[in-house]
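Student: Going left to right, the sequence shown walks through residues 1 to 336 as full-length UniProt numbering numbers them. All C-beta atoms in this analysis are idealised placements derived from N, C-alpha and C, irrespective of residue type, glycine included.
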Amino acid sequence: MNSHETQENQPIALNWRMSVAPMMDWTDRHCRYLHRLLTRHTLLYTEMVTTGALLHGDVPRHLRFNAEEHPLALQLGGSEPADLARAARLGAHWGYDEINLNCGCPSERVQRGAFGACLMNEAPLVADGVKAMRDAVDIAVTVKHRIGIDKDESYDFVRDFIGTVAGAGCEVFIVHARNAWLKGLSPKENREVPPLRYEVVARLKRDFPGLTIAINGGFKDSAAVAGQLAVVDGVMVGREAYHNPWWLAGWDEEFYGAAPSALTREAVEELMVEYMEREAREHGTHWYSIARHMLGLRHGLPGARRWRQAWSDHRLKGLPAREVMALARTAPSVQD
Ligand SMILES: Cc1cc2nc3c(=O)[nH]c(=O)nc-3n(C[C@H](O)[C@H](O)[C@H](O)COP(=O)(O)O)c2cc1C
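1) Going by C-alpha distance, which of Ser-289, Tyr-242, Leu-319 is nearest Arg-298?
2) Have a look at Ser-19 and Ala-92 and give me their C-alpha separation to the nearest angstrom.
3) Indicate, with yes or no, if ligand 1 has a heavy atom lying under 7 Å from the CB of Arg-239.
4) Assign Met-18 to one of three DSSP states: helix, strand, or coil.
5) Taking the alpha helix (DSSP H) that Lys-205 falls in, what are its first and last residues?
6) DSSP three-state label for Glu-153, please.
7) Quick check: Ala-88 and Val-158, are their CB atoms within less than 8 Å of each other?
8) Is DSSP giving Cys-103 helix, strand or coil here?
9) According to the neighbour-count rule (16 or more other Cβ atoms, all chains shown, within 10 Å of its Cβ), is Ser-79 buried or exposed?
10) So the candidates are Ala-267, Arg-146, Gly-250, His-30; which of them puts its Cα closest to the Cα of residue 374?
11) Who does residue 340 pair with in a DSSP beta bridge?
12) Since Met-236 sits in a beta bridge, which residues does DSSP pair it with?
13) Taking the continuous beta strand (DSSP E) assigned at Gly-77, which residues delimit it?
14) Do the stretch 113-126 and the stretch 62-73 meet, that is, are 3 or more Cβ pairs less than 8 Å apart?
15) Report, in whole angstroms, the separation of the C-beta atoms of Thr-232 and Lys-205, which I expect to be a contact under 8 Å.
16) Any chance the CB of Glu-199 is under 7 Å from a heavy atom of ligand 3?
17) For my contact list, Pro-71 and Asp-97 are in at a C-beta cut-off of 8 Å; report their separation, rounded to the angstrom.
18) What distance in whole Å lies between the Cβ atoms of Ile-174 and Lys-144, which are believed to be in contact at a cut-off of 8 Å?
19) Identify the continuous alpha helix (DSSP H) that holds Thr-285 and give its terminal residues.
20) Looking only at its chain, what residues have a beta carbon closer than 6 Å to the beta carbon of Arg-32, apart from the 5 residues adjacent to it on each side?
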């Protein structure tokens, strides 16, 4: 079990009970900073970074993160064991707590690179990659995958995939509970059209009781999450966490037994503005690329639309973030 020190010097154990999914273009370090303000315990994932981008590209651009983001997993896309090992070593060196291998992305671009979901057809190669990464780093090496490929709904396929990859030492599987259809669907459709089959994940947990199995796909409320936590070891939430981040403010209490949070949305907004000011000073980041991740903070509240419009109004881009906050807060509070 990995651990690291929190700001209060309390070690927080790495576990997979709650996590926010890796999402390209969404879960960048600014988004994760927001999520970490809302929940101390939830495990956060980066966007997928390909081994090619890491080994031949701008490493700091891909790997830099804020110390506050721990516990934090780096998701890799790739298939060559030697490249995966080198990329994992970089991730460990930069201080990530976990390396996760993407075996669930169905995009055509990823298929051309022969990684992502199509790797489910090559379990021995995934096992080699896992072994190479485990030999290279001391941190956890985990796999995120689907329950099948195309229209093949045979349970044996996903069971054998996990069996082979677990044989190489992977102990944690995050299972997006729908098939990936490799032809004919866009990545977005591939998150909506193939049916969710949670019972497959429950069966995997029964067949592999010694492995950590987290479920992913379609979670939108705490009751559904709690139901799954009675069956499997963890729940990973993607889109709903992004669109309705305030939900995360209850997770430490609901799913980790922590004391109730005293946070308010206003306090979170204020802390985000402080972060925007720091980022502008230290890295020249424009607040606009940070604010875009918090537009859902008032999701469901009266006036949310006007508040969101102020924070996403490109005509206000020339103003300091603090002034935009003042404008957003005084935007006429019409009912959405
Ligand atoms: C915008 C977007 C980008 C995504 N990028 C990735 C990615 O980089 N790696 C990955 O494993 N899954 C990616 N996913 C899939 C999510 O991690 C998750 O498996 C999927 O959205 C289902 O969970 P949900 O129903 O809670 O959103 C992405 C999803 C979205 C919406």
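Tutor: To lay it out plainly:
1) Tyr-242
2) 19 Å
3) yes
4) Looking at Met-18 - three-state DSSP - the assignment turns out to be strand.
5) 198-207
6) coil
7) no
8) strand
9) buried
10) Past the edges of the chain, shown from 1 to 336, lies residue 374, and the structure says nothing about it.
11) It is not possible to answer for residue 340, since the shown part of the chain is limited to 1 through 336.
12) Ser-19, Asn-216
13) In the DSSP assignment, Gly-77 falls within the unbroken beta strand (DSSP E) covering 72-77.
14) No, the stretch 113-126 does not touch the stretch 62-73.
15) The question names Thr, but residue 232 in the sequence shown is Val. With a Cβ gap of about 5 Å, Val-232 and Lys-205 count as contacting.
16) Ligands in the displayed structure: ligand 1; ligand 3 is not one of them.
17) 5 Å
18) With a Cβ gap of about 4 Å, Lys-144 and Ile-174 count as contacting.
19) Thr-285 -> no alpha helix (DSSP H), and no H or E assigned at all.
20) Leu-44, Glu-69
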